[in-house]
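Note that the protein sequences, when read in sequence, are chains A and B.
Each residue of the first sequence is one higher than the one before, starting from 31 at the first, in the working numbering.
Each residue of the second sequence is one higher than the one before, starting from 122 at the first, in the working numbering.
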Amino acid sequence: MVISSFVSTSLRFLLILALVISVCPQVAWAQADDAPLFRADRINALILVVVFCSTILLYTRWAKQGKSLFLRKIPGLDEVEEAVGRATEMGRPVLFIPGIGELDEIETIAAISILGRVARITAQYETPLMVPVRYPLVLAAGQEVVEQAYIEMGKGDSYDKDTVRYVAGEQWAFTATVNGYMMRERPATNIYMGAFFAESLLLAETGNAAGSIQIAGTARPEQLPFFIAACDYTLMGEELYAASAYLSREPVMTGGLKGQDFIKMVIIVLVIVGVILATFGVGDWYVHLFREV
Amino acid sequence: MRTTVPIVVAFIAGLLSVVGFFFRTDTFLGSVRQEFLVWLTIVGGFTLLLGVVSIVRVNWTAVVRKKPGWQYKILTLVAVFAMALPSVLPSSKSPLLGRAEGSIYDWLFNYLQSPMMMTMFATLAFYIASAAYRAFRARSPEATLLLITAILIMLWRVPMGEAFLDLLPGHIAQLLNTYVMNGVNMAVQRGIIIGAALGAASMSLRIMLGIERTYLGKS
């Protein structure tokens, strides 16, 4: 159903787009000259997009049909429930930081998705949850997700509107506030998910000093070493985006992960072929395929 | 309705952004992504009020209920309004208002906020030292290898250390650059970046199709 609705919606959208272009050509054509509508030098990227989308949709379809798909274990995500349970036993709060990025960053959206799962667990155990945010849009999205999680778990009355709170718009003011909270309240569990920058180590080291169990996840390679040094579990790169699908265990969502893995295998093969061709000095045409046509 | 409308908006915005990538930037389709970012900034500006309401409510409640450290919450509230109010009032009334040089906002920013930010950033050096101590303890062969590599890289990155390495035989600095930084380090970073990019693209597709709805608070 998902795929057929996607195809039909896409076709309708493209039909409307074609209609708009035919009625009002300047929508797609530059007014200054009659340069081509389409950027032919990006045809290789278009092919990759089409192959990628088709693979994801194919695996999603297989998953919907009930085909068994193996997902490797991600220890950091398996530990989330344990860590919240620990906080419950200790009677201390859980701190969840959805990064310091704005809502237009995909990492922040992934973090908000994980927040929903974590909020369900804290609602179930009635463990206090604290979510400091840096942007008002993230505040609105976070409040909606946490409130919905509490309602779904039948704990709507326990939901505190200040669970998700705006603390500061400045990076270092945000860090100072959160570090102060960690040292005063000593949360049992700290979860850092999303886009982090230079403040990553300040947060993680303070959490470490406060004796909290720490689970981190980011797609920024330059911040990963800091989290690995200071946290108990770290989700690296793609694991952050896989988290909500992994935690939900819904076949439709895990299908997307398998499709992604398949594309990764294709890229690995392409890289190996490229290395072999370049080693023998005959790879120029091959490299050219991936740059521009 | 509360779920359908955001999914439709996400689908159209996502598809237009992808389609726009394949068109010239001086066309409507080619510039649509930039246009969406402008819209986001405008919406973000309006939502700033939500942030102010949140920060005032949390701190005011703490003051009223005399929670531990409530005196500091008063300071926070004073700071919020002391920075915001003079900056939004018209400078035509007084040179102290607005955001120009010599205004209250300018003074508070340059002599209070900015030094405090720099202080926080400067403390990073001490945090790096403690994290490095824990990460580089030679507890296993792998950790020892990491320790030796890190020492050599750090030596190479400072002028005095590089001069010292040049005294040793074997062009160590060149080997470090070729095999450690541009070899192992680059390969690992690119692996993570490719994986993350695919993950982001896959998640974007799930959001566009309405498969991933957890960011809307739906299971």
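For each residue, glycine too, the CB sits at the ideal point set by N, CA and C.
### Task
Establish whether the CB of LEU326(B) and some CB of chain A are separated by less than 8 Å.
yes
Next on the checklist: How far does the beta strand (DSSP E) with THR219(A) in it extend, from its first residue to its last?
Outcome noted: 219-223
Practice problem: Using DSSP bridges, identify the partner residues of PHE126(A). | Solution: ILE221(A)
*asked:* Counting only C-beta atoms, is LEU76(A) closer than 8 Å to chain B at any point?
replied: yes
Item to check | Cβ contact (3+ pairs, closer than 8 Å) linking the stretch 252-265 of chain A and the stretch 101-114 of chain A | outcome: yes
Local conformation of MET160(A) per DSSP, three classes:
strand
Subject >> Any chain B beta carbon closer than 8 Å to GLN290(A) >> reply: yes
Residue-chain proximity (PHE256(A), chain D), Cβ-Cβ < 8 Å: Among the protein chains in the structure shown, which are A and B, there is no chain D.
(Q) Which runs of the beta strand (DSSP E) at least 3 residues long sit entirely within the stretch 79-137 of chain A? Give them in chain order. (A) 124-127
Fill in: With 16 other Cβ atoms within 10 Å as the buried cut-off, status of LYS97(A)
exposed
Terminal residues of the alpha helix (DSSP H) in which ILE272(B) lies: 262-278
Margin query: Given this structure, state the Cα-to-Cα distance separating GLY338(B) from GLN173(A), to the nearest angstrom.
Written below: 9 Å
Problem set entry | CB contact check: CYS83(A) to chain B, cutoff 8 Å | yes
Discussion item. Assuming contact is defined by CB atoms lying nearer than 8 Å, are GLY247(A) and MET283(A) in contact in what I supplied?
Written reply: no
field: Proximity test, Cβ basis, 8 Å: GLU111(A) and chain B
entry: no
- prompt: Do ILE306(A) and the ligand PLP come close, with the Cβ less than 7 Å from some heavy atom?
  reply: Ligands are entirely absent from the displayed structure, and the ligand PLP is therefore not among its contents.
Measuring straight from C-alpha to C-alpha, what distance separates ARG116(A) and ALA218(A)? 7 Å
**Request:** Assign ASP287(B) to one of two classes, buried (16 or more other C-beta atoms within 10 Å of its C-beta) or exposed (fewer than that).
**Result:** exposed
In chain order, what residues of the same chain have a beta carbon less than 8 Å from the beta carbon of ALA60(A), not counting five sequence neighbours either side? Residue placement at ALA60(A) cannot be trusted, given a pLDDT of 49 that sits under 50; what the coordinates show is reported in the next sentence. None.
What residues in the stretch 205-219 of chain B bring their beta carbon closer than 8 Å to a beta carbon of chain A?
-> none
Three or more C-beta pairs closer than 8 Å, one from the stretch 151-166 of chain B and one from the stretch 178-197 of chain A: is that the case here?
no
Classification of ARG327(B) by the beta-carbon crowding that lies within 10 angstroms, buried from 16 upward: buried
With a threshold of 8 Å between beta carbons, is SER235(B) in contact with chain A?
no
- request: Taking only the alpha-carbon atoms, compute the straight-line gap between ILE195(B) and ILE176(B) and give it to the nearest angstrom.
  value: 12 Å
Which residue marks the beginning of the alpha helix (DSSP H) containing ALA246(A), and which one marks its end? Per DSSP, ALA246(A) belongs to no alpha helix (DSSP H); it is in the beta strand (DSSP E), 243-248.
Exercise. At a CB-CB cut-off below 9 Å, which residues of chain A make contact with ARG178(B)?
Worked result: LYS191, ASP192, ARG195
Q. Among all the DSSP beta bridges, which residues are the ones paired with MET266(A)?
A. THR248(A)
**Q.** Expected contact under 8 Å - CB spacing of THR85(A) and ILE293(A) to nearest Å
**A.** 6 Å
Open item on the list: Measuring straight from C-alpha to C-alpha, what distance separates THR335(B) and GLY286(A)?
Closed with: 15 Å
Checklist entry - If contact means a Cβ-Cβ distance below 9 Å, which residues of the stretch 85-102 of chain A contact chain B? => result ILE86, LEU87, THR90
**Prompt:** How would you label VAL305(B), buried or exposed, when you count the other beta carbons within 10 angstroms and need 16 or more for buried?
**Reply:** exposed
Take every Cβ of the stretch 119-127 of chain A, pair it with every Cβ of the stretch 153-160 of chain A, and state whether three or more of those distances are shorter than 8 Å.
yes
VAL32(A) in three-state terms, based on DSSP
Note that VAL32(A) scores 48 on pLDDT, short of 50, meaning its location in the model is unreliable; the coordinates nonetheless yield the value given after this. VAL32(A): helix per DSSP, three-state reduction.
- Task: Note down, in chain order, each residue of its chain lying with its Cβ closer than 7 Å to the Cβ of ASN180(B), except the 5 sequence neighbours on either side.
- Result: LYS194, THR197, LEU198
**OP:** On a CA-only basis, which of LEU88(A), ALA225(A), SER274(A), ASP291(A) is nearest ARG133(A)? Give me that one, please.
**Re:** The sequence given here has Leu at residue 133(A), not Arg. Of the candidates LEU88(A), ALA225(A), SER274(A), ASP291(A), the one whose C-alpha sits nearest the C-alpha of LEU133(A) is ALA225(A).
| Three-state secondary structure assigned by DSSP to VAL194(A) | strand
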